[in-house]
Amino acid sequence: MNINILSLLIWLPIFSGLLLLFYNRKIKYINLYNIFINALIFVFSVLLLKNFNHAIADFQFVENIQWIEYLNINYYLGVDAISILLILLNSIIFLIVAFYNSTLTIKKQNHYYASFLIANGLTIGVFSALDAILFYVFFEALLIPMFLIIGIWGGPNRIYAAIKFFIYTFLGSVLLLISFIYINSTIHSFNVNSFYDAHFSLAEQEWLFIAMAIAFAIKIPMFPFHTWLPDAHVEAPTSGSVILAAILLKVGAYGFLRYVIPVVPMGALSLDIYFIILSLIAIVYVGMIAIVQDDMKKLIAYSSISHMGFVTLGFFIIFQLFSNTSIKEDIVISLSGSMYQIISHGFISAALFICVGSIYDRYKTKKISEISGILNQMPIYGWFFVFFALANCGMPGTSSFVGELLIIISSFKANFIYSILASGTLVISAAYSMWLVKRVIYGESQININNYIDANKRETIILFTLSLIVLILGIYPDYMITFMNATLVNMVDNIIIKISI
Amino acid sequence: MQTILFLIPILVLASSIIIGLSGNIINNFYSGLISTILVFISFGLSLVICSSFYFDNSVILYEDFYNWISIDNLHITIGYLIDKLSSIMLVVVLFISLVVHIYSIGYMKDEKDFKRFFSYIALFTFSMLLLVMSNNLIQLFIGWEGVGLISYLLIGYWHNKESAIKANLKAFLINRIGDMFFILGIVMIYSAFDSFDFKTIFTNIDSIDLNNLESYFGLNYIDFSCLFLFIGAMAKSAQIPLHVWLPDSMEGPTPISALIHAATMVTAGIFMVARLSPLYATTDFTSDFILIIGASTALFIGVIAIFENDIKKVIAYSTISQLGYMVAALGISAYSVSFFHLFTHAFFKALLFLCAGSIIMSLHHNQNIQNMGGLKSRLPVTYICFLIGTLSIIGFPLTSGFFSKDLILEVMLYENNTISYIAYFMLLTGALVTSIYSFRLLFLVFFGKFKSGNIEDIVEQSTLILAPLIILSLLSLSAGYFINIFIELPIFMYGINNINYDGLLNFIIHGVLSPASVALIVGFYFAKRIYKDDTKYKIFEVKIIKIFKQIISSKYKFDEFFILSAHKMVNLSNYFSKKFDIALIDSFIVNGLPLKINNFSRKLRNSSTGYLYHYAFSIVFSLVVIFGIILVRVL
Numbered sequence: 111m112n113i114n115i116l117s118l119l120i121w122l123p124i125f126s127g128l129l130l131l132f133y134n135r136k137i138k139y140i141n142l143y144n145i146f147i148n149a150l151i152f153v154f155s156v157l158l159l160k161n162f163n164h165a166i167a168d169f170q171f172v173e174n175i176q177w178i179e180y181l182n183i184n185y186y187l188g189v190d191a192i193s194i195l196l197i198l199l200n201s202i203i204f205l206i207v208a209f210y211n212s213t214l215t216i217k218k219q220n221h222y223y224a225s226f227l228i229a230n231g232l233t234i235g236v237f238s239a240l241d242a243i244l245f246y247v248f249f250e251a252l253l254i255p256m257f258l259i260i261g262i263w264g265g266p267n268r269i270y271a272a273i274k275f276f277i278y279t280f281l282g283s284v285l286l287l288i289s290f291i292y293i294n295s296t297i298h299s300f301n302v303n304s305f306y307d308a309h310f311s312l313a314e315q316e317w318l319f320i321a322m323a324i325a326f327a328i329k330i331p332m333f334p335f336h337t338w339l340p341d342a343h344v345e346a347p348t349s350g351s352v353i354l355a356a357i358l359l360k361v362g363a364y365g366f367l368r369y370v371i372p373v374v375p376m377g378a379l380s381l382d383i384y385f386i387i388l389s390l391i392a393i394v395y396v397g398m399i400a401i402v403q404d405d406m407k408k409l410i411a412y413s414s415i416s417h418m419g420f421v422t423l424g425f426f427i428i429f430q431l432f433s434n435t436s437i438k439e440d441i442v443i444s445l446s447g448s449m450y451q452i453i454s455h456g457f458i459s460a461a462l463f464i465c466v467g468s469i470y471d472r473y474k475t476k477k478i479s480e481i482s483g484i485l486n487q488m489p490i491y492g493w494f495f496v497f498f499a500l501a502n503c504g505m506p507g508t509s510s511f512v513g514e515l516l517i518i519i520s521s522f523k524a525n526f527i528y529s530i531l532a533s534g535t536l537v538i539s540a541a542y543s544m545w546l547v548k549r550v551i552y553g554e555s556q557i558n559i560n561n562y563i564d565a566n567k568r569e570t571i572i573l574f575t576l577s578l579i580v581l582i583l584g585i586y587p588d589y590m591i592t593f594m595n596a597t598l599v600n601m602v603d604n605i606i607i608k609i610s611i
Numbered sequence: 017m018q019t020i021l022f023l024i025p026i027l028v029l030a031s032s033i034i035i036g037l038s039g040n041i042i043n044n045f046y047s048g049l050i051s052t053i054l055v056f057i058s059f060g061l062s063l064v065i066c067s068s069f070y071f072d073n074s075v076i077l078y079e080d081f082y083n084w085i086s087i088d089n090l091h092i093t094i095g096y097l098i099d100k101l102s103s104i105m106l107v108v109v110l111f112i113s114l115v116v117h118i119y120s121i122g123y124m125k126d127e128k129d130f131k132r133f134f135s136y137i138a139l140f141t142f143s144m145l146l147l148v149m150s151n152n153l154i155q156l157f158i159g160w161e162g163v164g165l166i167s168y169l170l171i172g173y174w175h176n177k178e179s180a181i182k183a184n185l186k187a188f189l190i191n192r193i194g195d196m197f198f199i200l201g202i203v204m205i206y207s208a209f210d211s212f213d214f215k216t217i218f219t220n221i222d223s224i225d226l227n228n229l230e231s232y233f234g235l236n237y238i239d240f241s242c243l244f245l246f247i248g249a250m251a252k253s254a255q256i257p258l259h260v261w262l263p264d265s266m267e268g269p270t271p272i273s274a275l276i277h278a279a280t281m282v283t284a285g286i287f288m289v290a291r292l293s294p295l296y297a298t299t300d301f302t303s304d305f306i307l308i309i310g311a312s313t314a315l316f317i318g319v320i321a322i323f324e325n326d327i328k329k330v331i332a333y334s335t336i337s338q339l340g341y342m343v344a345a346l347g348i349s350a351y352s353v354s355f356f357h358l359f360t361h362a363f364f365k366a367l368l369f370l371c372a373g374s375i376i377m378s379l380h381h382n383q384n385i386q387n388m389g390g391l392k393s394r395l396p397v398t399y400i401c402f403l404i405g406t407l408s409i410i411g412f413p414l415t416s417g418f419f420s421k422d423l424i425l426e427v428m429l430y431e432n433n434t435i436s437y438i439a440y441f442m443l444l445t446g447a448l449v450t451s452i453y454s455f456r457l458l459f460l461v462f463f464g465k466f467k468s469g470n471i472e473d474i475v476e477q478s479t480l481i482l483a484p485l486i487i488l489s490l491l492s493l494s495a496g497y498f499i500n501i502f503i504e505l506p507i508f509m510y511g512i513n514n515i516n517y518d519g520l521l522n523f524i525i526h527g528v529l530s531p532a533s534v535a536l537i538v539g540f541y542f543a544k545r546i547y548k549d550d551t552k553y554k555i556f557e558v559k560i561i562k563i564f565k566q567i568i569s570s571k572y573k574f575d576e577f578f579i580l581s582a583h584k585m586v587n588l589s590n591y592f593s594k595k596f597d598i599a600l601i602d603s604f605i606v607n608g609l610p611l612k613i614n615n616f617s618r619k620l621r622n623s624s625t626g627y628l629y630h631y632a633f634s635i636v637f638s639l640v641v642i643f644g645i646i647l648v649r650v651l
C-alpha cells in the first residue's frame, strides 16, 4: 500500500483543480476530467477504508515531515476512524456533486469545477491534519473556494452572503489561531498528540475552551452564531449548498471532536451546561423557525442547524454523563450517536438540497407558496423528495433515526429534561418536513406548463444512490458503529484520564 | 422454524419491492396477483407457526436475526419472539392483509397508481410483521413508525385531493406526538433494565428495586414509563384526545381503512400493551389511567357515530369506540380478554369496511348515508354480510362480538373498586350506543327508500369484491368460538388469569342473560323507531337534549383545539423568526456591529477635513489638555 495515500488524496484534487483553471475549451472533456478525478478520489478513499484497521485506535497512514522547524510546525497527517468516515463522506458527496454538476451549463464552468476540486482536497486535508497549524491552514484555505462558489455563482444577493459567510467564519478562526498559539507557548508543539497530553489549569482550560468552541460553534453553526448559514444557503448555487451542508458544517463538528473536547475537557466540563442549553435551543427553537420559512432552501438550512444541535448535544452531554454515572459505555454511546448524526445528515441534507435545486432550476423559484403539486409534473423528484423529507424527520429505517435514538438514550441518562426537549424533534422535524411536502409536493399544480422535465437518468441515479446509502445506514448501522468504536473508546479513555487527574 | 419465521416477513417485503420497482414490466392485474400469492404463502406459513402453539402454551420461539447496533453493553437486535400472542397476531395480520389484497384487485382496478397501492400495502404488512414479531422495544418502535408511515402515505394516496393531504399530515403529526412519548418511555425502560430486550426486561422485573429509581411527579418509575408508552399507544390506537386523526384518515381508499385503520395498525397500541403486560401489570396509576381513557373513548366517541352521516366515518367512530373497549380491558389487566376482542373485532370491522367499500362503489362514490336507503333488494349479498357485521359489532348472541364484548364487560366487575364500576357502566352504556348507531347505519342504508336517483342503476360488485366479504362474514360468525384459546392465553403469565369460564354453553347462557343483552335490545328498539319508522319523539325537542346533541355533533371541539394549537405554534415560530432571529440576532448584532463600526469610522473620517486651521486648532487644543493634566498632577 502506498504510504503517502493521504497526501495523494489531498494534493491530487488540488493540483488537478489548479490545472483545470487553464483549460476552457470543450465542456465535454471538462466534465469527464472532473468526474474522473472525483471518482479517483472516491476510489482512493475506499482503499483507505479497506486498509484501515479499525480495531486499532491509533492514527494510521501517518506522514510526518518537518515543515517550519523553528516554530515546531510539521506536515503531520494521519487518520483514525472518525476522520476516515468523514473523508469517505466527503469523497462520496464530491463525486455526487461532480455528477450533478455535469448536467448544468453555467458561466466559467472550468473555474466552477476547479473550486470544487480544490475544496475537495482541502477538506480531506482538514480531516487528516494532525498538526494544529496545518489543520488551521486547511481550515482557512477551505474558505476561499467556498467564498468564490457563493460569491461568483450564487444568487442575486450573493456578495452580501459570501462576505457575511467569510467574515463570520474568519472571526471564529482568529480565536482558534490564538488558542493554538497559546497552547504552543506552553507545550512547544503543535502536534495533536502532545495537545492531548498537555495539562492546563482550570482557568486556562476554560478560556481555551471558550475561544476554540466559539470558532467551531460558528462553523457548525450553533445558536446564536447561526444566522450566516441560511443566507449562505439561499444564495449559494445548488452544489455549493450541498457542500456547505454536507461537508462544511461537519468540519466544525470534527473540530470539536479533535481539538476541543479531548484537549480541554476540564474547561468543557465546567462550561458544558451553556453548550447543552444552546444545543437544545438549536433543536427546539431553530426547528420551530424552520417551520415558518417560505424559502425551501432556508427551511432546509434551518433544519440543518437543528440537526447539528443534536450533534453538539451528543458532544456535551458526555460531561454530564461523566459527573452522573461515569460509565464509559454511556459516553461512547453518546459520541457514536453524534458521529452517526454527522454522517447521516451529510447524505440527507445533500439529497434535499439537490431536490430543491432541481426544482429551482425548473420553476425558477424556491418560494414554497409559489410551488405545489410537484408530484403531478415530476413524479421521480417528488417521490425522492418525500423519501428524503421522511429521512430528515428521523424515520426509522433511515440513517437519521440511529443518531437521534442514541443521543436521546444518552441524554436521558444525563438529565430527564434534556431527553424530553431532544425528543421534541420528533414532532418539530415532522412538522417542518412534512408540512413542506404537503405544500410543495402534494396538491394540485399551481403553474401548469407541460415542459417541466422530470429527473433525467443521471439525476435519478444520484438520488437513488443517496437513498440507498441512507437506507443501508439505517437498516444496518452496526458496521459503522463498530468501525468507530475503538477510536471513540480510546478518546473517551483519554478524556476520563484527563478529567480524573 | 427459523427459516419459516424469516420467510414470513421477507416474502411480503419482496412483494412490496418487486411491485414497487417493476415499472411497466408487469401489468396491473398480474402485479396484484403476484403480491396476493406472496401474502398467501406468508399466511400459510404463519398458520404453520400458529398451529404449533395450539396445544402447548409454554413454547417461546426466540432468536435474533442480526445485530442492529451493539456498543459494549448496548445491544439492539432485529429478531423475533413468537409466543401464542404474537403467533395469533401474525395470523390475524396476514389474514386480513390477504383478504384486503384480494379485495383491492377488484376495488382498485381502475386506479392509475394501482401498483403503488399494492406496494404500499405489502410494505405495510411487512412493517406490521416487524412490529408483531419483535423481541425488543426498538424493533417494535421501528415497526410502529413503519406502519404509521404507510398509513400516512395511504391516507394521502390521492395526493391531489386537498382534504386527503390535510388528513395525512394531521395523522402523521398526531402520531408523532404519541411517538415522542413512546420513545421517551422506551428510553426510560432501557435506563432501568439496561436492555431493550423483552426477555431480559421480563425476567428482571421482580429483581429491580423501584426505590433506587427516581420517581417523577409522585409516580414511581415504572408507572411513569408505562404511562409514556401508553401515550404513544393512545395516538396509534386513537384514544381520547389523540383520536382526531382517525376519522379524517377515511380519506384513504376503503380497503386501507379496513386493513390499517380498523383491523391491524390501530390495534398496535393494544398489542404493545399486551406484549408489555408484565410491566403494565405492576402499575397502579397507569392502569387506572388506561381504564378511564378506554372507557371514556368507548362511550363518548361512540356517541358521535350516531350523528355522523358519512358511512365510512360512522364505521371509523365505531372503530375508535371498540378500541376503547379493548383499552379498558387492558386497564383492568385483562390482557388476554382485550386481545380476544382485538381478534374478533379485526374480522367484523374489516367486514363492515369492505361492505362499505362495496356500497360506495355501487353508488359511484357517494358516501352520505342520508342519500342512501333501500339497498337491501339491490345489493343482497352485501346486505347479508353487512348484517352479519352489524350483529357481530353489537354483540348479538352467538356472533363473535358477543363473546369478546361480554367477556370485557364481565371482567370489569372483577375488581371491586369505584373506577372499575364507573368504567363498567360507561361500557354498558357504550353497548347501547353501539347498538343504536349500528342499527341506524343498517336501517338508513338498506331499508326505507333510495333517496338519490334511480335505484335500478345499482348493481352488486364483482366476485373479487364479494368473495372477501363472504369469507369475513363466516369468520365474524365463528371467531368467537376460539374463546378457550384466549381464556388461557399466557401473556407472560401476568394480569388476570383466573377468568371465570366454565364451558361454552354456560358462558353463552350467562351472556344472554347479562345486562348487555338488554342494552342491545333497547338500542335496536330506539334505532328502529327513529331511523326506520321515522317516529318523532317529543323528548328531542327539549332544550337540554338539543344542547347535548350540539356538543356531540361538534365532536367535543377536539379538532378545533388541535388546529388552534397548531396555529399558536406557527404564530410563535413566526414571532421567533421575525423578532428574534432576524431582528435581534441577525440585524441588530451580526449586521449591526459592523454597521456601528462603519458609522464610527465615517465620523472619524469626517474629522480629517484637510484644512490647516483645523489641524492647528486640534494640536493647540491637545497641548493645552496635556499640559493641563501634567500641571494638575504636579500640583
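Protein sequence lines, in the order shown, are assigned to chains A and B.
Going by the numbering used here, the first sequence opens with residue 111, and the numbers climb by one from there.
Going by the numbering used here, the second sequence opens with residue 17, and the numbers climb by one from there.
Just so it is clear, CB atoms sit at the ideal spot from N, CA and C, and this is done for glycine as well.
Partner residues on chain A for residue i, Cβ-Cβ distance less than 7 Å
| i | result |
| --- | --- |
| Tyr-206 (chain B) | Ile-519 |
| Phe-157 (chain B) | Pro-506 |
| Ser-589 (chain B) | Met-398, Ile-399, Ile-401, Val-402 |
Listed by chain order, chain A residues near residue i by CB distance under 8 Å
| i | result |
| --- | --- |
| Trp-261 (chain B) | Simply none; closest approach about 13 Å. |
Selected residue, minimal CA-CA separation from residue i, among the options
| i | options | result |
| --- | --- | --- |
| Leu-37 (chain B) | B:Ile-112, B:Ile-118, B:Tyr-136, B:Asn-325 | B:Tyr-136 |
| Asp-304 (chain B) | B:Gly-162, B:Asn-382, B:Met-196, B:Glu-431 | B:Glu-431 |
| Phe-188 (chain B) | A:Gly-362, A:Tyr-542, A:Phe-319 | A:Tyr-542 |
| Ser-468 (chain A) | A:Arg-268, A:Ile-563, A:Ile-387 | A:Ile-563 |
| Ile-57 (chain B) | B:Ile-42, B:Lys-100, B:Ser-113, B:Ile-92 | B:Ser-113 |
Residue span of the beta strand (DSSP E) that contains residue i, given as start and end
| i | result |
| --- | --- |
| Asn-83 (chain B) | 77–87 |
| Gly-188 (chain A) | 183–189 |
| Ile-92 (chain B) | 90–98 |
Limits of the alpha helix (DSSP H) - the one that residue i falls within
| i | result |
| --- | --- |
| Gln-155 (chain B) | 153–171 |
| Asn-148 (chain A) | 137–161 |
Contacts that residue i makes with chain B (C-beta to C-beta distance below 9 Å)
| i | result |
| --- | --- |
| Phe-522 (chain A) | Leu-200, Val-203, Met-204, Tyr-206, Ser-207 |
| Asn-486 (chain A) | His-175, Asn-176 |
Chain B residues whose Cβ lies nearer than 7 Å to that of residue i
| i | result |
| --- | --- |
| Leu-500 (chain A) | Leu-165 |
| Asn-595 (chain A) | Ile-87 |
Beta-bridge partners of residue i, as assigned by DSSP
| i | result |
| --- | --- |
| Ala-239 (chain A) | A:Leu-187 |
| Thr-508 (chain A) | A:Pro-506 |
| Asn-184 (chain B) | Partner(s): none; Asn-184 (chain B) has no beta bridge. |
| Lys-477 (chain A) | A:Asp-405 |
| Asp-326 (chain B) | B:Asn-384 |
| Leu-229 (chain B) | Answer is none; Leu-229 (chain B) lacks a bridge partner. |
Identify each residue in the stretch 531–558 of chain A for which the Cβ-Cβ distance to at least one residue of chain B is less than 7 Å, and report them in chain order. Ser-533, Gly-534, Leu-536, Val-537, Ala-540, Ala-541, Met-544, Trp-545, Lys-548, Tyr-552, Gly-553, Glu-554
Under 7 Å (Cβ pairs) to chain B, residues found in the stretch 319–353 of chain A: Pro-334, Thr-337
Pull out every residue of the stretch 430–451 of chain A whose Cβ sits closer than 7 Å to any Cβ of chain B, in chain order. Glu-439, Val-442, Ile-443, Ser-446
Taking a cut of 7 Å between CB atoms, which residues from the stretch 166–193 of chain B lie near chain A? Gly-172, His-175, Asn-176, Glu-178, Ile-181, Leu-185, Phe-188, Leu-189, Arg-192, Ile-193
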